[in-house]
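**Student:** Below is the structure I would like to discuss, written out as structure tokens.
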Amino acid sequence: MKVVRTIHDLREHPRDGTVGLVPTMGAFHEGHRALFGAARGENDLVVASLFVNPAQFGANEDLAAYPRDEERDVRVAEETGVDVLFVPDANELYPSGFQTWVEVEDLGSRLEGEHRPGHFRGVATICLKLFNIARPDRAYFGQKDAQQVAVVKRMVRDLDLEVQIRVVPTVRDADGLALSSRNAYLSPEERELALTLPRALATKDAAQARARLNGLDVDYVEVADFEPRVLAAAVRVGKTRLIDNVILEVPCQASAWLGRDQNKEPV
Ligand code: AMP
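With my numbering, the residue at position 9 of the sequence shown is 360, and numbering never jumps.
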């Protein structure tokens, strides 16, 4: 596996056949591995990016504390079949004078967007930049971040990008907690409390989920009309903010239609 740090070196890397891109912020876990595996399964070249994108963090969020372990991430990526790991620094992607942003207006302002103003502007912009730099045929995202998937798919359609968006199911620990780099912040007691989130969502009913989460610091619990529809929630456990969602039933007619759209095809 090759580690590259500049846009120039990534563009110069030999490419023969299809390219799969997996954008990440590092601190790899089994969720990231599932994305790498999916990309490995259907592309000739697998490129993963490791970049803790400052533009998607709010002023009072955990940018400085976000877990970073590049050495371990390099090992995990290599083991999981990544060919090129792109690890730029912030100046490489946001040089001085940077001032162009992508705003997915409605989808990006609800739920997560309401509680994290500017978050999806940062996400959409970095994804578009990574798509332009790596020029992938397919890009891989986790269902864990369902709204991110919806925002990226919308941007791909609205801006006529030629990348297929692949969505990989949420990987969970045995106890049901969705894997997340931020789980590393949780104390054992907080982790136990955090299990309320997947248990509440497993009801697949907004009112029941809300009742189960009663007493926790809840940002939202809502049915979101993404494709597919999900019950999504965000809660704070101590200082850690966790998000999760479950897919609600896809009506038969809709699933037949979903299957025809390359950007809605499940992996
Ligand atoms: P992150 O490094 O947290 O930005 O995540 C990089 C990619 O991995 C995103 O597309 C996430 O949706 C995906 N991802 C994160 N956690 C999981 C998980 N538990 N299961 C599946 N995909 C995940």
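Idealized CB from N, CA, C, for every residue including glycine.
For Gly493, which residues in the same chain have their Cβ closer than 7 Å to its Cβ, ignoring the five residues on either side in sequence?
**Tutor:** Here the question's residue 493 lines up with position 142 in the sequence shown. The answer, listed in chain order, is Gly382, Leu386, Val519, Thr521.
**Student:** Is the closest heavy atom of ligand 1 to the C-beta of Met376 under 8 Å?
**Tutor:** Counted from its first residue, the sequence shown places residue 376 at position 25. Flag set: Cβ of Met376 near ligand 1.
**Student:** The beta strand (DSSP E) that contains Arg472, what's its start and end?
**Tutor:** Working through the sequence shown from its first residue, we reach residue 472 at position 121. Element bounds for Arg472: not the beta strand (DSSP E) but the alpha helix (DSSP H), 470 to 485.
**Student:** Mind checking whether Leu544 and Leu530 have CB atoms under 9 Å apart?
**Tutor:** As a first step, residue 544 must be located in the sequence shown, where it is residue number 193. As a first step, residue 530 must be located in the sequence shown, where it is residue number 179. No.
**Student:** Taking one C-beta from the stretch 505 to 514 and one from the stretch 394 to 404 each time, how about it: are there three or more such pairs within less than 8 Å?
**Tutor:** no
**Student:** Relative to the C-alpha of Ala501, which candidate in Thr431, Asp440, Arg426, Pro579 has its C-alpha closest?
**Tutor:** The count along the sequence shown starts at 1 and reaches residue 501 at position 150. Closest in C-alpha terms to Ala501, from the list Thr431, Asp440, Arg426, Pro579, comes Pro579.
**Student:** DSSP state of Tyr571, grouped into three classes?
**Tutor:** Indexing the sequence shown from 1 puts residue 571 at position 220. Tyr571: strand per DSSP, three-state reduction.
**Student:** So for Pro539, helix, strand or coil by DSSP?
**Tutor:** As a position in the sequence shown, residue 539 is number 188, starting the count at 1. Here Pro539 sits in helix by DSSP.
**Student:** Given this structure, state the Cα-to-Cα distance separating Lys495 from Leu593, to the nearest angstrom.
**Tutor:** One-based indexing of the sequence shown puts residue 495 at position 144. One-based indexing of the sequence shown puts residue 593 at position 242. If you take the alpha carbons of Lys495 and Leu593, they lie about 11 Å apart.
**Student:** Confirm the yes/no value for this check: CB of Ser460, any heavy atom of ligand 1, distance under 8 Å.
**Tutor:** Here residue 460 is taken as the residue at index 109 of the sequence shown, counted from 1. Result no, Cβ not under 8 Å from ligand 1.
**Student:** For Gly538, which option in Val433, Val403, Lys590 has the closest C-alpha, if you only look at C-alpha atoms?
**Tutor:** Along the sequence shown, read from residue 1 onward, the residue named residue 538 stands at position 187. It is Ser, not Gly, that sits at residue 538 in the sequence shown. Among Val433, Val403, Lys590, the Cα nearest to that of Ser538 belongs to Lys590.
**Student:** Does ligand 1 have even one heavy atom less than 8 Å from the beta-carbon of Lys495?
**Tutor:** The residue labelled residue 495 in the question sits at position 144 within the sequence shown. For ligand 1, at least one heavy atom lies less than 8 Å from the Cβ of Lys495.
**Student:** With DSSP as the reference, identify every bridge partner of Ile598, one or two as the case may be.
**Tutor:** For this step, residue 598 is matched to residue 247 along the sequence shown. Its beta-bridge partners are Val581.
**Student:** Would Asn565 be called buried (16 or more neighbouring beta carbons within 10 Å of its own) or exposed?
**Tutor:** If you number the sequence shown from 1, residue 565 lands on position 214. That one is exposed.
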